[in-house]
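In order, the protein sequences belong to chains G and S. Under numbering that gives the first Met the number 0, think of the first position of the first sequence as 0, with each following residue one higher. Under numbering that gives the first Met the number 0, think of the first position of the second sequence as 0, with each following residue one higher. Below you'll find the structure, written out as structure tokens, and then a few comments.
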Amino acid sequence: MKIRKRLYGLALAVLAAVGVALAVPGPAQAERDQLTIGITQYPSTFHPNIDSMLAKSYILGFTRRPFTVHDHSWNLVCMLCTKLPTIENGLAVPERTPGGKKGIAVTYTIRPDAFWGDGKPITTDDVLFTWKVGRNGKTGTLPIELYRSAYKIVAQDDKTFTMHFDKLTFNYNAINAFSLLPAHVDRVNFEADPVTYKNKTAFDTDTTNEALYFGPYLITETKRGSHVVLERNPKWWGKPGPFKRIIIKTIPNTAALEANLLSGNIDMIAGELGLTVDQALRFEKRHGRKFNVLYKSGLIYEHIDLNLDNPLLQDRNIRHALIHAIDREAISQQLFGGRQPVAHSNVNPLDWVHAPDIPIFAHDPKKAQDILVKAEFTKLNKGIRHHAETGQALRFEFMTTAGSKARELVQQVLQSQWKSVGIDVRIRNEPARVYFGQTMTQRKFTGLAMYAWLSAPESVPRGQLHSAHIPTRANGWAGQNYPGFRNKEMDALIEKIEVELDREKRKALWRRLQEIYVTELPVIPLYFRASAFVMPKWLTGVEPTGHQYATSLWVEDWGVK
Amino acid sequence: MLWFLGQRLVQSAVVLTVMSFVIFGLIGLMPGDPVDLLISADPEMTSDDIARLREIYGLDRPLVERYGVWLWAVLQGDFGFSRLFAQPVITVLLPALGNTLALLGISLALALAIGLPLGIYAAVKPYSPRDYAVNLMAFAGISIPSFWLGLLLIILFAVVLGILPAGGFGTPGVDDWSDKLIYLVLPAMSLTLASVGGHTRYMRASMLETLRQDYIRTARAKGLSERRVVLGHALRNALIPVTTIIALDFGFLFSGALITETIFAYPGMGKLTYDAVMGNDFNLALICLLLATLVTLIGNILADLAYAWLDPRIGFEARQP
Numbered sequence: 000m001k002i003r004k005r006l007y008g009l010a011l012a013v014l015a016a017v018g019v020a021l022a023v024p025g026p027a028q029a030e031r032d033q034l035t036i037g038i039t040q041y042p043s044t045f046h047p048n049i050d051s052m053l054a055k056s057y058i059l060g061f062t063r064r065p066f067t068v069h070d071h072s073w074n075l076v077c078m079l080c081t082k083l084p085t086i087e088n089g090l091a092v093p094e095r096t097p098g099g100k101k102g103i104a105v106t107y108t109i110r111p112d113a114f115w116g117d118g119k120p121i122t123t124d125d126v127l128f129t130w131k132v133g134r135n136g137k138t139g140t141l142p143i144e145l146y147r148s149a150y151k152i153v154a155q156d157d158k159t160f161t162m163h164f165d166k167l168t169f170n171y172n173a174i175n176a177f178s179l180l181p182a183h184v185d186r187v188n189f190e191a192d193p194v195t196y197k198n199k200t201a202f203d204t205d206t207t208n209e210a211l212y213f214g215p216y217l218i219t220e221t222k223r224g225s226h227v228v229l230e231r232n233p234k235w236w237g238k239p240g241p242f243k244r245i246i247i248k249t250i251p252n253t254a255a256l257e258a259n260l261l262s263g264n265i266d267m268i269a270g271e272l273g274l275t276v277d278q279a280l281r282f283e284k285r286h287g288r289k290f291n292v293l294y295k296s297g298l299i300y301e302h303i304d305l306n307l308d309n310p311l312l313q314d315r316n317i318r319h320a321l322i323h324a325i326d327r328e329a330i331s332q333q334l335f336g337g338r339q340p341v342a343h344s345n346v347n348p349l350d351w352v353h354a355p356d357i358p359i360f361a362h363d364p365k366k367a368q369d370i371l372v373k374a375e376f377t378k379l380n381k382g383i384r385h386h387a388e389t390g391q392a393l394r395f396e397f398m399t400t401a402g403s404k405a406r407e408l409v410q411q412v413l414q415s416q417w418k419s420v421g422i423d424v425r426i427r428n429e430p431a432r433v434y435f436g437q438t439m440t441q442r443k444f445t446g447l448a449m450y451a452w453l454s455a456p457e458s459v460p461r462g463q464l465h466s467a468h469i470p471t472r473a474n475g476w477a478g479q480n481y482p483g484f485r486n487k488e489m490d491a492l493i494e495k496i497e498v499e500l501d502r503e504k505r506k507a508l509w510r511r512l513q514e515i516y517v518t519e520l521p522v523i524p525l526y527f528r529a530s531a532f533v534m535p536k537w538l539t540g541v542e543p544t545g546h547q548y549a550t551s552l553w554v555e556d557w558g559v560k
Numbered sequence: 000m001l002w003f004l005g006q007r008l009v010q011s012a013v014v015l016t017v018m019s020f021v022i023f024g025l026i027g028l029m030p031g032d033p034v035d036l037l038i039s040a041d042p043e044m045t046s047d048d049i050a051r052l053r054e055i056y057g058l059d060r061p062l063v064e065r066y067g068v069w070l071w072a073v074l075q076g077d078f079g080f081s082r083l084f085a086q087p088v089i090t091v092l093l094p095a096l097g098n099t100l101a102l103l104g105i106s107l108a109l110a111l112a113i114g115l116p117l118g119i120y121a122a123v124k125p126y127s128p129r130d131y132a133v134n135l136m137a138f139a140g141i142s143i144p145s146f147w148l149g150l151l152l153i154i155l156f157a158v159v160l161g162i163l164p165a166g167g168f169g170t171p172g173v174d175d176w177s178d179k180l181i182y183l184v185l186p187a188m189s190l191t192l193a194s195v196g197g198h199t200r201y202m203r204a205s206m207l208e209t210l211r212q213d214y215i216r217t218a219r220a221k222g223l224s225e226r227r228v229v230l231g232h233a234l235r236n237a238l239i240p241v242t243t244i245i246a247l248d249f250g251f252l253f254s255g256a257l258i259t260e261t262i263f264a265y266p267g268m269g270k271l272t273y274d275a276v277m278g279n280d281f282n283l284a285l286i287c288l289l290l291a292t293l294v295t296l297i298g299n300i301l302a303d304l305a306y307a308w309l310d311p312r313i314g315f316e317a318r319q320p
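This is the structure:
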């Protein structure tokens, strides 16, 4: 009897504890001078030039500005500089490098009203320091190519400097990735030991130091893996940010992200790092009346690499049969509500160099079958085509990242479409860690491999299509030409495009590049991925760009309805 | 007892050293390294750049040599630097460890406080309606997937009732333990509900077995009250197998709270270990995995001590050579 009484007592105590917890008020509803954003990742570092990560770019977009950037119309504009240097306005002057190569000297002037968060003016001293850190091979800062090419910087005065590049390329004035470091804060860490600089930089040891930032907001609080708090920067030169505070919460699970949005724990889900399009479509169906869901297709190019070392895939006709057999339009409509347009080449139609008149592969299973018959794959065994003479089955291994629901769904649809024309596709997926860690980088896939590229506007695909960039053991697996595509004309085109300054001539070269791409077909283009922004009805001004630069770079244009 | 403790500590140190080598080797064998990630982020990287970066990250040396360097540094108290979080490993580890201990401590205590009495309650009258009711609840707890339970709790308490935060670690700008406690309620409830069923079933089975023993029949024949029979005579013996399960739970809970931590965006050890392994953060992954081993070993030592306390026949002296 007493046991029973004790158990009842215990149960009551547990209930009381739960009751107390329930009685405690939840987090207060966000006021309109505060915006809470949910993203799925927490940055590994806050240093702008170490490591490349979307979460970091998104957060730093609120707090810092690049010298140059592509705007919403995909035009290159100045943010930290006063005037975009061009050959036409005389601020960029072609020259010869000391080694006799064609180079260019480009002069930038820092905005006179640009200050670090602690009130110190941004000067050429910061530019020289950033360049010194980037050029030092021991710091591991990125992007390596920018610092290698900028072989000299001359400070004209406190605000004006000239960068000398050892290459004269069409994008000579784009220094989007040259992210300024505060010399007065970080120089001591760098000079102590360049090798350990990446471990000792103030961006990670003193992240809330206001002197590290110069954007509309400052980072005032960080809780690793949980959240980052931003507050208005009184030293910001432009229109003040629309919110007193912006809180960026990390919620890795997308179902929990949705629940947090519905509960009011967050106000919006960032399109850069939030729901996938299929998740957003489902969410919109259920809760679309309460939120604005904005889809923006852009430069994330989903495609299938074909390993051209595979004897079957070396035959261009087989590659054509593969693309004719699949209905990409139906996939886009049925799985993604038409929000992710079909890609007909590697260049997005929003990019000015896109050529609309290149050949397009329509869904034509009959044509696919005719091609396969011509290639002597006529013998059918259990619905799978075999070569009439050799008896070789028309079979490929098809890989992608395991656990990526949208990709796995697309993969299954493609598998069944290929099966209907007699092509046997065996799915073998791997976790992203293994897939990108080794299988792709060391070209260990044997047939088809699906994944995506993220690029900038008018991004020359040297790394992906030039034969010098095929990863091999000998070159330490450098390069991203995973299909192993070798085409002399393509190599020559890439080299010409990079140095062609005349837009019209360059456009013609780009057209030819796209033509070769779709006729040689080393890669099957699928679709351009869209980002889904889920926002409260009262939030205005968030305008996705479609390219890799985050919406946070224009936060001062956001507002409250 | 001191001899026993000393012996077990030496054994644990040997196991830890062996495990450190095994884990170091396994992580080294995993596909990809930190530089591979940098290569995939920069298509213009040349083979010279890659060689230089491998040297910077110390990946150009043989695995055994790297292990030797790492072990020597650890013995000097230097646990290395987390590549993923750009902080010393210990700086990353300690807050996550504290968060996990708080979460697991509360949920384990609650699970035991609920599960053990329920198990006893069911075992005292086996195959009665109350036994069936307890079993039903226990099986429900065991069967519900933790991610689904977590989402259900979020929907009920955060979305529908709106009385608890859906996830996170604390209100930004508020550094107060009571605020953190509110954020702990849902993840702790989720973990408790997931493990209480198991504890109830183990306790019930163990108590049932004990209550069938001759000495229990003797105790009852002596005219002792049922309360004294169950709590005074049966409970200590019935707790011995349950103690083993609790000890094993230590290690499991330490790394097994990953799903709960992910759903509730709670920055604990489970999520940290997962991120470290998936993000090629060798130093951090290694220490996280070794810590899980260490916790399991400590759990087992504590279980051994508890055996002797529960059953004096299990002495320490007998184990001396």
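Beta carbons are placed, not taken as given, at the ideal position from N, Cα and C, and that holds for glycine. Computed from a prediction, not measured in an experiment: that's the story for all the values here.
Short of 7 Å in beta carbon distance, which residues of its chain neighbour residue i, apart from the five on each side in sequence? Order them along the chain.
i      : result
V88/S  : F78, G79, F80, S81, N282, L283 and I286
D185/G : T200 and A201
Distance check for residue j and residue i, CA to CA, integer angstroms please.
i      : j      : result
E54/S  : I49/G  : 16 Å
W147/S : I244/S : 25 Å
N347/G : F527/G : 7 Å
R432/G : Q40/G  : 16 Å
P47/G  : V126/G : 14 Å
L512/G : G462/G : 14 Å
A110/S : G196/S : 8 Å
V13/S  : R51/S  : 36 Å
Q416/G : D326/G : 8 Å
Q319/S : L288/S : Residue placement at Q319/S is flagged as unreliable, the pLDDT there being 48, under the threshold of 50; the coordinate-derived value follows with that caveat. One C-alpha to the other measures close to 32 Å.
D117/G : R60/S  : 43 Å
D274/S : F45/G  : 17 Å
I181/S : I299/G : 40 Å
L37/S  : Q479/G : 12 Å
L525/G : L274/G : 20 Å
P364/G : K381/G : 18 Å
Assuming residue i and residue j form a contact by the criterion Cβ under 8 Å, report the distance between their Cβ atoms to the nearest whole angstrom.
i      : j      : result
L117/S : T199/S : 5 Å
T561/G : F160/G : There is no way to answer for residue 561/G, as the model of chain G reaches only from 0 to 560.
T99/S  : A256/S : 7 Å
N306/G : P482/G : 6 Å
A367/G : A329/G : That pair is no contact at about 15 Å.
L261/G : H286/G : 7 Å
H546/G : W115/G : 28 Å between Cβ atoms; not a contact.
W557/G : P241/G : 5 Å
In chain order, what residues of the same chain lie with their CB nearer than 6 Å to the CB of residue i, ignoring the 5 residues before and after it?
i      : result
E396/G : R425, R427, T445 and G446
D303/S : none
N135/G : P193
K166/G : S148
List the DSSP bridge partners of residue i.
i      : result
W452/G : Y300/G
K504/G : Bridge partners of K504/G: none, in fact.
N316/G : For N316/G, which the question treats as bridged, DSSP gives no partner whatsoever.
F395/G : V424/G
Excluding five sequence neighbours on each side, which residues of the same chain lie with their C-beta closer than 8 Å to the C-beta of residue i?
i      : result
L312/G : L305, N306, R318, F395 and G446
Legend entry - Near-chain S residues of the stretch 244 to 261 of chain G - C-beta to any C-beta below 7 Å: I246, K248, T249, I250, P251, N252, A254, A255, A258, N259 and L261
Legend entry - Contacting positions in the stretch 422 to 435 of chain G - beta carbon closer than 9 Å to chain S: E429, P430, A431, R432, V433, Y434 and F435
Inset, instruction - Taking only beta carbons into account, state which residues of the stretch 139 to 163 of chain G come closer than 7 Å to chain S, listed in chain order. - result: G139, L141, P142, I143 and E144
Inset, instruction - For the stretch 232 to 250 of chain S, enumerate the residues whose C-beta is nearer than 8 Å to any C-beta of chain G, in chain order. - result: none
Legend entry - Positions along the stretch 217 to 228 of chain G whose CB lies within less than 9 Å of some CB in chain S: T219, E220, K222, R223, G224, S225, H226, V227 and V228
Legend entry - Interface positions of the stretch 197 to 210 of chain G facing chain S (Cβ-Cβ less than 9 Å), listed along the chain: K197, N198, T200, F202, D203 and T204
Legend entry - Interfacial residues, the stretch 474 to 498 of chain G to chain S, with Cβ spacing under 8 Å: N474, G475, W476, A477, G478 and Q479
Legend entry - Positions along the stretch 43 to 75 of chain G whose CB lies within less than 9 Å of some CB in chain S: S43, T44, F45, H46, I49, D50, S51 and M52
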